[in-house]
Every structure is written in structure tokens, then in C-alpha cells.
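Below: one structure, written as C-alpha cells.
Numbering (UniProt numbering), first residue to last: 1 to 105.
Below you can see the structure in the form of C-alpha cells.
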């Protein structure tokens, strides 16, 4: 299972779980969101996989036999990271406008 959870750095672990199943874990988001990917041997042959999405609070959502599962997983992980960057940027105060009197900006 690939799990995405971002604490400012990307840590990724890939491991085989026997001959027929492959799982990997990626930690990607500080708020506890996770995106998991699990692929059995038949799913790997067809390029599919099972994605598990969790927000750390509600019951995880499992999407079974997702086509192009590795690509979908990568896109979801990237979007979580982009959203985290944008949220951090939006939380920063804006610098005062050029020529504006002090205290207004």
C-alpha cells in the first residue's frame, strides 16, 4: 500500500509483500491525509491497483481496480503537496503596497 502524508519532506518506502503483492508507503501531508496504493499480481499485469484515501478521521475510501493506478496515485500525491504549498502561501501576510501610507496595505 502506498500512503501519502507530507511532513515537509518526501519519505518513500517500497517493499514487496510476497511474490504476488507489492506495497509501498509514501508520507505526504501534515494534516494526516493519506493516499495508499496496493497492487496484486493480476492488478500489476493490467496496470491497475487499489487506492485507499483517508483523512485520518473518517472511514478510508477504497477504490478497487483503478486503471493506471500508479499514475493516479502520483497525481493525487502531487495535488496534495501543491495544495499544502498554496495554503501556506495564502496564510502569509501580504507586503505593503508600494507608496501606501504605513499601517495600510
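A virtual CB, placed ideally from N, CA and C, is assigned to each residue, including glycine. No experiment lies behind these values; they were computed from the predicted model shown.
Per DSSP, the continuous beta strand (DSSP E) segment holding residue 37 begins and ends at 34–40.
In this model, residue 78 and residue 71 are separated by some 11 angstroms (Cα to Cα). If you draw a straight line from the Cα of residue 80 to the Cα of residue 68, it is about 19 angstroms long. One alpha carbon belongs to residue 52, the other to residue 66, and they sit about 11 angstroms apart. DSSP places residue 65 outside any alpha helix (DSSP H); the residue lies instead in the beta strand (DSSP E), whose first and last residues are 61–67.
In summary, residue 35 is buried, with 16 or more beta-carbon neighbours lying within 10 Å of its beta-carbon over all protein chains present.
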